[in-house]
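Reviewing the structure listed below.
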Amino acid sequence: MRLPVIDSHTEGEPTRVVLGDPLRLARPAANLRRALEEGHDWLRRALCLEPRGSEIAVGAYLTGDPTHGYEAVFFNNAGYLGMCGHATVGVIVSLAHAGLALPGPVELRTPGGPVRARLLGRSAVEFENVPSRRHLAGVTLDVPGHGSVTGDVAYGGNWFFLVSSPSLDLRPANAPDLLAFTQAVMGALRDQGVTGDGGAPIDHVELFGPPTRPGADSRNFVLCPGGQFDRSPCGTGTSAKLACLVAEGRLAPGQTWRQEGFAGGVFEAVAAPHPEGVVPTLTGRAYVTAETTLVIDPEDPMRDGLDWR
Ligand code: PYC
């Protein structure tokens, strides 16, 4: 089987997009996710795992067309995501690269809800994310080996535990320690039964520290569900942060928050009020890195990828 994909990165975090619905799965986003998960999970594994893919990449499978908008399902080395902000930016830049985005807004219907995106120039994309909200404030966990850690639980298209001022500096040399710390926090969330609404598992941990880029408000480090960290500022994580800032009265609706990611890229974000919390609008930049045709050879014993977790 031959599978054409477009690769890009958004502020350092890769996205791999499958266009044109090669599996002929056209259906609403929630059903599309189920169809992929239950009947074609090999596609996720083949795209995002070694030897073809990378544990840090997010894949996107799209159906639809420029006139009617697109269904988009996001996935990574570990499974499926409700929404993905950096990949939304990557998808729009990839659609434009393929001549499949009209000027003006493009609707992406994701399992987390509809997202409206617009290309600004060649590489910048603005998108209105799903409504985001703070669910719990000031939750204290006992994290084995690290003591008490306090954070908020918030939703931005995925569920996050957000920790301000962790004891470690958010610098590249500390990446292994930051991974170990955030994985310990994830374990404590599970063990101590802290969840999102209705028992939804929290699958991202987000740490905040002082920015290094002029003009940025904060720098973050985000642990993703597959055990890797987001190189970008994380669109859904930035949305969860906006919901917390507005709930605390630290950010006014319409005021810009500049979130620096671990690789130094910045998302600009503003929040509009919403009955559940806020509707975030984010802007980030993506660049196409490859147009590739993946080959899936039925005789290859490792055709569906290697999962090292
Ligand atoms: O940008 O929302 C995001 C995201 C989630 C996981 C990786 N990136």
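Take the sequence shown: its letters are residues 23 to 331, numbered as in our numbering. Idealized CB from N, CA, C, for every residue including glycine.
With a threshold of 6 Å (Cβ to nearest heavy atom), would residue i be considered close to the ligand PYC?
i	result
Cys-337	No answer is possible for residue 337: the residues shown for the chain start at 23 and end at 331.
Thr-204	no
His-108	yes
Cys-266	no
Thr-364	Residue 364 cannot be examined here, being either before or after the span of the chain that is shown, 23 to 331.
Thr-132	no
Thr-258	yes
Asp-225	no
Asp-252	yes
With a threshold of 6 Å on Cβ separation, who are the neighbours of residue i within its own chain once the five nearest residues in sequence on each side are excluded?
i	result
His-296	Pro-153
Gly-327	Arg-67, Ala-68 and Leu-71
Asp-239	Trp-279 and Arg-280
Taking a contact to mean a Cβ-Cβ separation below 7 Å, would you say residue i touches residue j in this structure?
i	j	result
Glu-35	Asp-225	no
Met-105	Thr-85	no
Gly-283	Pro-320	no
Val-292	Gly-276	yes
Ala-262	Phe-183	no
Val-95	Leu-58	yes
Ala-79	Arg-38	yes
Any beta carbon from chain C within less than 7 Å of residue i's own beta carbon?
i	result
Leu-328	Checking the listed chains, one finds no chain C in this structure; it contains a single protein chain.
Who are the Cβ neighbours of residue i in its own chain at under 7 Å, not counting the five residues just before and after it?
i	result
His-62	Leu-45
Arg-235	Glu-282, Gly-286 and Val-288
Thr-314	Val-27 and Asp-29
His-119	Ile-28 and Val-310
Give me, in chain order, the residues of the same chain whose beta-carbon lies closer than 8 Å to that of residue i; leave out the 5 immediate sequence neighbours on both sides.
i	result
Glu-148	Ala-139, Arg-140, Leu-142, Thr-303, Leu-304 and Thr-305
Taking DSSP's pairing of strands, which residues face residue i in a bridge?
i	result
Arg-24	Val-317
Thr-85	Glu-93
Thr-305	Glu-148 and Glu-290
Val-244	Glu-228
Check your understanding: Which ranges would you report for the alpha helix (DSSP H) in the region 177 to 213 if only whole runs of at least 4 residues count?
Key -> 197 to 213
**Study point:** 3 or more residues per run - each beta strand (DSSP E) lying fully within the region 256 to 290
**Key:** For the beta strand (DSSP E) assignment, the uninterrupted runs of no fewer than 3 residues enclosed by the region 256 to 290 are, from N- to C-terminal side, 279 to 282.
Review point. What residue ranges within the region 93 to 173 form continuous alpha helix (DSSP H) runs of no fewer than 4 residues, ordered along the chain?
Key: 107 to 119
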